[in-house]
């Protein structure tokens, strides 16, 4: 992915040449599992990105969720765990494509997250006016009908202690719901 967004930061792990050590893989798995409740993380497929951007499966799962570890190059923790529709949505975001309509997805980010902008899904870094946002533990609902998002605040500088819409008015708008 060319820029760091909530969906892609965890996928941009830069691995050195050669296979990662088992110890490193274990740490990546632990990080990825921290994104979701234990029952979800334990049964999830765990993936991490290689330096060239290809995904590497660290562990096959059984429950339909895919978890990705924190990206240590971002300012805050950002591991995530996505169901299949949310993974498809995130893939569309990363590929700058229109997400499929009618596929509501669910994502966990229980370790929190940081994003360069609450209004621009492709902002690469915080800049004056692009509304940097830091969130605590939260879940996300993606892919819902636009009318669903009209029920929630769409402020450029959101109150992250209550539900709000991130990236409103874009094909990637989604509901952020704090859980702590």
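In the numbering used here, the protein residues as written are 3 to 182.
Don't be surprised by glycine CBs; every beta carbon is placed ideally from N, CA and C.
Would you kindly work out how many angstroms separate the C-alpha atoms of residue i and residue j, rounded to a whole number?
i, j, result
"residue 21", "residue 75", "The predicted model places residue 21 with a pLDDT of 44, which falls under 50 and marks its position as unreliable; any figure quoted below should be read in that light. Roughly 20 angstroms separates the two Cα atoms."
"residue 150", "residue 181", "19 angstroms"
"residue 67", "residue 61", "12 angstroms"
"residue 59", "residue 120", "30 angstroms"
"residue 65", "residue 35", "13 angstroms"
Contact check, residue i vs residue j under 8 angstroms by CB: the rounded distance?
i, j, result
"residue 156", "residue 170", "4 angstroms"
"residue 140", "residue 179", "6 angstroms"
"residue 122", "residue 108", "About 23 angstroms separates the two Cβ atoms, so there is no contact after all."
Cα-Cα, which of the options is closest to residue i?
i, options, result
"residue 79", "114, 86 and 107", "114"
"residue 81", "123, 119, 107 and 48", "48"
"residue 136", "61, 118 and 181", "118"
"residue 53", "103, 73 and 41", "73"
"residue 103", "176, 50, 26 and 28", "176"
"residue 165", "174, 173 and 152", "152"
"residue 26", "46, 50 and 42", "50"
"residue 145", "174, 40 and 44", "174"
Mind checking whether residue i and residue j have CB atoms under 9 angstroms apart?
i, j, result
"residue 38", "residue 112", "yes"
"residue 77", "residue 33", "no"
Residue i lies in the beta strand (DSSP E); which residues open and close that run?
i, result
"residue 131", "Segment: none, residue 131 is in no beta strand (DSSP E) and carries neither H nor E."
Taking 8 angstroms as the cut-off, does the CB of residue i come closer than this to any heavy atom belonging to the ligand ATP?
i, result
"residue 170", "Absence of the ligand ATP from the depicted structure is noted, as is the absence of any ligand whatsoever, leaving it without description."
Check for me: the alpha helix (DSSP H) holding residue i runs from which residue to which?
i, result
"residue 94", "86-96"
"residue 78", "Run containing residue 78: none; DSSP gives neither H nor E here."
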